[in-house]
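Per the numbering used here, the very first residue in the sequence shown carries number 141; after that it's consecutive. Using N, Cα and C, we set each Cβ at its ideal position, and we do this for glycine too.
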Amino acid sequence: MTFQKAQKALFGATTAAALLLAGAASAQDQQFFTIGTGGVTGVYYPTGGAICRLVNAGRADHGLRCSVESTGGSVFNTRTIRQGELNFGVVQSDVQSAAINGTGAFEDDGAYPELRALFSIHPEPMHLMANADAGIASVSDLAGNRVNIANPGSGTRVLAEALLEYHDIAIDDLSFAAELSSAEQASALCDGNIDATIWAAGLPNGSTQEATSTCDVVLIPIEGEPLENLLADNPAYAAATIPGGLYPGNPDDISSWGPRATFVTDASTPNEMVYAVVSAVFENFDDFKRLHPAFANLSEEEMITSGLTAEIHPGALQYYQERGWVE
């Protein structure tokens with residue numbers, strides 16, 4: 141080998157080693173965090189993906205790298221954040237409230253005063269879907285039928301139990317109480333394995349779209365005195381409407397109710413990380429709203445006030461104060 145070739149080979153090897161070390165250092169400098177969401181056919185999963193997309197776009201500036209995990213839903217996310225196994229999570233507003241107070245699904249867990257809110261996201265109307273030939277026209281008709289009440293650990297399960305309770309329907313009054321995830325319910329409904337399913341999600345969502353597009357499924361109105369009593373007793377919920385024509389075969393507006401999706405973390409999450417996450421969303425707000433149809437009508441003011449029971453994390457509060465949105 142000539143001197144020139146040897147020198148070139150040495151330079152090439154040195155450059156490759158330097159690049160490798162720089163890459164390792166760069167990876168070392170990055171901080172990785174995970175967002176807990178829900179089933180892949182709901183809105184929580186793409187919500188987490190939308191937030192991660194905006195955070196990751198700015199990773200050269202803040203050094204953060206975000207990933208999304210499909211989970212069992214709101215209750216699971218809250219517990220897993222508390223255990224330090226998730227950094228952030230999407231949870232229903234009522235689940236956030238119950239976790240703070242140690243009530244409902246968290247009665248055995250105890251209060252979680254360290255839970256912190258960043259912002260709320262989209263409303264989540266209840267979808268009561270039934271096979272058209274099942275003879276179900278109201279919530280009261282669920283008694284004696286095979287009904288999916290959602291998987292344990294999900295926010296929908298909390299809502300399903302509340303809905304049945306206020307209509308004086310016990311779980312034992314159902315001929316079969318399925319505990320399916322959102323990803324499983326559409327096929328179970330269309331295959332005739334269940335007569336109806338209870339499901340809370342933003343508008344529109346993939347699971348309802350799948351069911352109404354695949355077989356003859358109708359959305360059942362949720363209204364009347366039991367609902368009025370439920371809303372009066374639970375300020376974390378609000379009346380809602382599923383617009384007619386949003387889903388195939390359902391041309392009329394459907395009365396409903398539900399919570400809001402909220403984005404939470406633990407008090408121990410570094411202020412700098414939280415600040416980077418909220419700024420990624422609100423500095424690119426128009427882009428964020430385009431990432432899912434459920435975000436189309438969101439406003440900054442509503443997102444930092446509605447459905448938030450937990451204290452605002454100081455990192456988020458700093459950003460909101462800098463924008464002049466809060467004092």
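Best match in the options for proximity to residue i [C-alpha to C-alpha]
{"i": "Ile-261", "options": "Phe-173, Gln-458, Ser-446, Thr-409", "result": "Ser-446"}
{"i": "Gly-389", "options": "Ala-290, Val-417, Ala-270", "result": "Ala-270"}
{"i": "Glu-319", "options": "Gly-203, Ala-300, Ala-379", "result": "Ala-300"}
{"i": "Trp-339", "options": "Asp-356, Cys-355, Gly-295, Ala-317", "result": "Gly-295"}
{"i": "Ala-290", "options": "Gly-182, Val-418, Thr-220", "result": "Gly-182"}
{"i": "Ala-336", "options": "Asn-374, Asp-426, Thr-218, Ala-272", "result": "Ala-272"}
{"i": "Arg-205", "options": "Phe-228, Gly-212, Ile-382", "result": "Phe-228"}
Buried or exposed (CB count within 10 angstroms, at least 16 for buried), residue i
{"i": "Phe-428", "result": "buried"}
{"i": "Gly-398", "result": "buried"}
{"i": "Asp-312", "result": "exposed"}
{"i": "Gln-168", "result": "Low confidence applies to Gln-168: its pLDDT is 49, below 50, so where it sits in the model is not reliable enough to give any reading."}
{"i": "Gly-385", "result": "exposed"}
{"i": "Asp-201", "result": "exposed"}
{"i": "Phe-172", "result": "exposed"}
{"i": "Glu-462", "result": "exposed"}
Rounded C-alpha distance that separates residue i from residue j
{"i": "Leu-304", "j": "Leu-268", "result": "12 Å"}
{"i": "Ser-166", "j": "Asn-285", "result": "In this prediction, Ser-166 has a pLDDT of 46, which is less than 50 and means its spatial position is unreliable; what the coordinates show is noted afterwards. Their backbone Cα atoms lie some 57 Å apart in a straight line."}
{"i": "Asp-234", "j": "Asp-249", "result": "16 Å"}
{"i": "Val-298", "j": "Ala-245", "result": "7 Å"}
{"i": "Asp-308", "j": "Pro-366", "result": "9 Å"}
{"i": "Asn-369", "j": "Gln-232", "result": "20 Å"}
{"i": "Ala-310", "j": "Asp-281", "result": "13 Å"}
{"i": "Ala-190", "j": "Ala-456", "result": "18 Å"}
{"i": "Ala-434", "j": "Ala-251", "result": "31 Å"}
{"i": "Val-279", "j": "Glu-363", "result": "9 Å"}
{"i": "Ser-439", "j": "Leu-431", "result": "15 Å"}
{"i": "Glu-225", "j": "Ala-238", "result": "20 Å"}
{"i": "Ile-394", "j": "Met-266", "result": "10 Å"}
{"i": "Asn-437", "j": "Arg-400", "result": "13 Å"}
{"i": "Val-215", "j": "Asp-373", "result": "21 Å"}
{"i": "Asp-406", "j": "Ser-353", "result": "40 Å"}
{"i": "Asn-196", "j": "Ala-326", "result": "33 Å"}
{"i": "Ala-376", "j": "Phe-403", "result": "15 Å"}
{"i": "Ala-328", "j": "Leu-343", "result": "21 Å"}
Three-way DSSP call (helix, strand, coil) for residue i in this model
{"i": "Thr-409", "result": "coil"}
{"i": "Leu-161", "result": "Unreliable placement is indicated for Leu-161, whose pLDDT of 38 sits below 50; no coordinate value is reported for it."}
{"i": "Phe-143", "result": "Below a pLDDT of 50, predicted positions are generally treated as unreliable, and Phe-143, at 34, falls in that range; no measurement from the model is reported."}
{"i": "Cys-192", "result": "helix"}
{"i": "His-262", "result": "strand"}
{"i": "Ser-396", "result": "strand"}
{"i": "Gln-236", "result": "helix"}
{"i": "Gly-455", "result": "helix"}
{"i": "Asn-390", "result": "strand"}
{"i": "Ile-362", "result": "coil"}
{"i": "Val-208", "result": "strand"}
{"i": "Leu-438", "result": "coil"}
{"i": "Val-357", "result": "strand"}
{"i": "Gly-176", "result": "strand"}
{"i": "Ala-197", "result": "helix"}
{"i": "Ile-221", "result": "helix"}
{"i": "Gln-461", "result": "helix"}
{"i": "Gly-229", "result": "strand"}
{"i": "Thr-181", "result": "coil"}
{"i": "Leu-448", "result": "coil"}
In chain order, what are the residue ranges of uninterrupted beta strand (DSSP E) at least 3 long that sit wholly in the segment 266-304? You should have 266-271, 286-288.
Unbroken stretches of the alpha helix (DSSP H), 4 residues or longer, contained in the segment 311-354: Here the runs fully enclosed are 322-330, 346-354.
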